[in-house]
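In our numbering, the protein residues as written are 198 to 508.
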């Protein structure tokens, strides 16, 4: 980087050209997605050849030697990241739904898909029509000998505003089987991370588009959930989820390249105000490193949107 800056200075390039030259040489490829939509999933690779449904047919348990089922087992129902990210042992799993609720991205995430200063959005359940509304997801059977550790783990994983409650779960496709009593984690409107009145799809989509946290980009959470619903419940309709996916994808295609470029040129210009060439090179290398880390794209996008809103 220092050699390049020195060469640029010696070439006689004007000060107004320097940010663009540096951007083109080192930062332009940041805009190019390494994978579709800029997501680097560590959970599942939802490529055309991957089928969650096929794994459901062949892998009921995620343990080589699962404990025997008993009457003391419990069932956990997942309708968000628990659908595809099961970081706990289970001895059986089933597709299905709960009646009378709507799934909504109304919960802020400050510990998984966002950070306190830039919260993401994740799902919770809102009361709906008991006769018409249903939320699809996956129920996991937890062995009695493992349920204490699993519930402790999930209590911590869902600590940002979620509480346990109990509902009836119905298998999909429906075959007349008796409903199963399941434990479910729901974020109520009383918790500190509830998103409140900010509910419009474009606003939520913008937040998802520009947020990332320790568990990865917020858009990855959205796209993984949509892909899982599409594969596990073909034909099921979730208007809220589908509208968010379409809106975030539109932001990615139409707005993301320009926002990232604008943010990078702004950062580079600020660094070039440093007097020492060596310090400029050091700061530019740090900027490049930050951009390439998980969440780097979202950090740039968030900064550009903030600047745009203030102008």
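Cβ atoms here follow ideal geometry from the backbone N, Cα and C, with glycine treated the same way.
Beta carbon of residue 462 nearer than 8 Å to that of residue 498: no
Counted within 10 angstroms of its Cβ, other Cβ atoms place residue 203 as buried (16 or more) or exposed: exposed
Same chain, Cβ closer than 6 Å to residue 272, five either side skipped, listed in chain order: 336, 338, 377, 379
Reference residue 322, options 275, 351, 290, 287, closest by Cα: Looking from the CA of residue 322, the closest CA among 275, 351, 290, 287 belongs to 275.
Rounded separation between residue 487 and residue 284 - CA only: 28 Å
Residue 506 classed as buried or exposed, judged by whether at least 16 other C-beta atoms fall within 10 angstroms: exposed
Start-end ranges of the beta strand (DSSP E) lying completely within the segment 338-417, minimum 3 residues: 359-368, 377-384
The alpha helix (DSSP H) enclosing residue 502, as first and last residue numbers: 493-507
Whether residue 333 touches residue 426 by CB criterion (8 Å): yes
Cβ separation of residue 298 and residue 401, assumed to be a contact under 8 Å, to the nearest whole Å: Residue 298 to residue 401, Cβ: 18 Å. No contact.
Host beta strand (DSSP E) of residue 221 (start-end): Premise fails: residue 221 is in no beta strand (DSSP E) and is neither H nor E.
Host beta strand (DSSP E) of residue 303 (start-end): 298-306
Boundaries of the alpha helix (DSSP H) in which residue 467 is found, first to last residue: Counting along the chain, the unbroken alpha helix (DSSP H) around residue 467 starts and ends at 453-468.
Three or more C-beta pairs below 8 Å linking the segment 342-354 and the segment 312-330: Flag = no, the segment 342-354 and the segment 312-330 do not touch.
For residue 205, the three-state DSSP class (helix, strand or coil): Assigned with DSSP and collapsed to three states, residue 205 falls in helix.
Among 320, 368, 435, 449, the one whose alpha carbon lies nearest that of residue 390: 320
4 or more residues per run - each alpha helix (DSSP H) lying fully within the segment 246-292: 249-255
Per-residue DSSP class, three states only, for residue 331: strand
Whether residue 485 touches residue 223 by CB criterion (8 Å): In this structure, the beta-carbon distance from residue 485 to residue 223 falls below 8 Å.
Run of the beta strand (DSSP E) containing residue 318, from where it starts to where it stops: 317-324
Rounded distance between the beta-carbons of residue 360 and residue 382, thought under 8 Å: 7 Å
Host alpha helix (DSSP H) of residue 309 (start-end): Neither: residue 309 is in no alpha helix (DSSP H) and is coded neither H nor E.
First and last residue of the uninterrupted alpha helix (DSSP H) at residue 486: 474-489
Buried versus exposed call for residue 282 [16 or more other C-beta atoms within 10 Å across all chains shown]: buried
Option in 469, 449, 409, 453 with minimal Cα separation from residue 316: The shortest C-alpha separation from residue 316 is found at 409.
CA-to-CA distance, residue 210 to residue 474, given in whole angstroms: 15 Å
The segment 442-451 contacting the segment 417-424, beta-carbon criterion three pairs below 8 Å: yes
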